[in-house]
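Participant: The letter at position 91 of the sequence shown is residue 91 when you use the working numbering, and the numbering goes up by one with no holes. Even for Gly, the Cβ is constructed at its ideal location relative to N, Cα and C.
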Amino acid sequence: MNQNTFVAFLRGLMPSGRNAVKMADVRAVLSDHGFNDVRTWIQSGNIILNTSLTAEAAAEHIHHLLKTALQVDLPVIIKTQTQLREALEGNPFTGAAFDIRRVFFALCNQPLSDTAGLQQLDLGSECLCIRPHCAYMYIPGSAARSRLGNVFLEKKLGLTLTTRNANTLQKMASF
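Next comes the structure, spelled out in structure tokens:
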């Protein structure tokens with residue numbers, strides 16, 4: 001049976017507290033339940049794995065396994081490595097005017113559209129670009145103090161998203 005390689009991003013995984021879980025435990029649970037070549041990168045919910053499941057089925061199965069085996073209820077966003085490379089290549093915030101370390105990529109399992117008119121908002125020095133498979137945020141100052149962010153986008157778009165920086169996407173696209 002053909003194996004699909006997917007990158008799974010866990011939304012809301014924390015190093016400590018309510019949604020804390022060791023990535024070694026995540027690897028073990030997924031490996032024990034039909035996922036192959038399960039690898040993780042840093043303690044923030046970045047997983048690469050192989051499976052015969054579709055992306056949608058893999059996301060649902062991972063969510064169920066984490067909830068039942070590890071007692072964490074974390075949304076799972078699934079992308080292919082090709083989709084991650086396309087998100088990186090589609091980054092509108094490039095060139096000397098932008099610091100790539102301040103560009104954030106919000107990923108979702110569903111197509112995105114700016115139905116709320118968010119791209120028209122006055123965001124000061126911050127910038128937002130919403131494309132069908134990724135929302136791009138340029139936040140030159142502190143992300144913690146930013147008006148933009150994952151929670152803001154989720155509320156306005158009515159979707160579950162997870163946000164990563166360019167370094168994480170580059171790593172997961174080439175893992």
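Do you know how far the Cα of GLU60 is from the Cα of VAL72?
Facilitator: The alpha-carbon atoms of VAL72 and GLU60 are separated by roughly 14 Å.
Participant: How far does the beta strand (DSSP E) with ALA135 in it reach, from first residue to last?
Facilitator: Per DSSP, ALA135 belongs to the beta strand (DSSP E) from 134-138.
Participant: Anyone know if the C-beta pair for LYS79 and PHE6 falls short of 8 Å?
Facilitator: In contact: LYS79 and PHE6 (Cβ atoms closer than 8 Å).
Participant: Note down the Cα distance separating HIS63 from VAL26, rounded to an integer number of angstroms.
Facilitator: Going from the Cα of HIS63 to the Cα of VAL26 covers about 11 Å.
Participant: Sorted by chain position, which residues of the same chain lie with C-beta nearer than 8 Å to ASP99's C-beta, five sequence neighbours on each side aside?
Facilitator: Taken in chain order, the residues that qualify are PRO140.
Participant: Just list the residues that DSSP pairs LYS79 with in beta bridges.
Facilitator: VAL7, per the DSSP bridge assignment.
Participant: If you compare alpha carbons, which of ILE42, ASN50, ALA20 and SER44 is closest to SER30?
Facilitator: According to the sequence provided, residue 30 is Leu. The question's Ser does not apply to it. Ranking the options by Cα distance to LEU30, first place goes to ASN50.
Participant: Can the beta-carbon of ALA116 be found less than 8 Å from the beta-carbon of ASN150?
Facilitator: Cβ atoms of ALA116 and ASN150: not closer than 8 Å.
Participant: When the Cα atoms are used, what is the spatial distance from ASN109 to SER142?
Facilitator: Roughly 27 Å between the two C-alpha positions.
Participant: When DSSP labels each residue in this structure, what does ALA55 get in the three-state scheme?
Facilitator: Here ALA55 sits in helix by DSSP.
Participant: Bridge partners for VAL103 per DSSP, in chain order?
Facilitator: For VAL103, which the question treats as bridged, DSSP gives the partners TYR138.
Participant: I'd like the list of long-range same chain contacts for THR56, defined as Cβ closer than 8 Å, with 5 residues on each side in sequence excluded.
Facilitator: Checking the sequence shown, residue 56 turns out to be Glu, not Thr. Result list for GLU56: ILE78 and ASN109, in chain order.
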